[in-house]
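Numbering (the numbering used here), first residue to last: 134 to 260.
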């Protein structure tokens, strides 16, 4: 059974762990503190909750516990997108993509990546 959908605060912590790799509470706290004001105890409590929910695993072998995401970033993103796709867009991939691009226009580099993806998908589904 996959872990539950993370909250916004839990996603912030997961983003830190995906970018830094295994980390202590202090490392996660300092990374989050660079973005916005957070309390060390709040980060600690969230990581404990995330451990209980199965969003992260905790290595207790060292004095400072080390936390690791339970799922890869792509797996979590895929789960969130599938959920959004079903709930808000009635399963329509095109409506999701068009809305995303209307809300936040893509850079030239991102558009090139999208064109390459579309070309690959068309070749895969082609004659």
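No residue lacks a Cβ here, since even glycine has one placed at the ideal position from N, Cα and C. From a predicted model like this one, the values you see are computed outputs, not experimental measurements.
So, at 8 Å on beta carbons, what are the nonlocal neighbours of residue i in its own chain, with the 5 sequence-adjacent residues on each side left out?
i	result
residue 225	218
residue 150	156, 161, 189, 200, 201, 202
What is the residue span of the beta strand (DSSP E) that residue i lies within?
i	result
residue 189	189-192
residue 201	199-202
Report the residue from the options whose alpha carbon sits nearest the alpha carbon of residue i.
i	options	result
residue 153	175, 182, 201, 139	201
residue 134	212, 240, 249, 258	212
residue 172	195, 194, 187, 146	146
residue 164	178, 174, 148, 179	148
residue 232	241, 240, 242, 221	221
According to DSSP, is residue i helix, strand or coil?
i	result
residue 157	strand
residue 225	coil
residue 149	helix
residue 175	helix
residue 205	coil
residue 143	helix
residue 232	helix
residue 183	helix
residue 170	coil
residue 215	helix
residue 195	coil
What span of residues does the alpha helix (DSSP H) with residue i cover, start to end?
i	result
residue 253	241-258
Skipping 5 residues on each side, what residues in its chain have a beta carbon closer than 6 Å to that of residue i?
i	result
residue 192	199
residue 197	157
residue 184	191
residue 216	none
Can you list, in chain order, the residues of its chain whose CB lies under 7 Å from that of residue i, leaving out five sequence neighbours each side?
i	result
residue 206	151
Closer than 7 Å: is that where the CB of residue i sits relative to any heavy atom of the ligand ATP?
i	result
residue 162	No copy of the ligand ATP appears in this structure; indeed no ligand is present at all.
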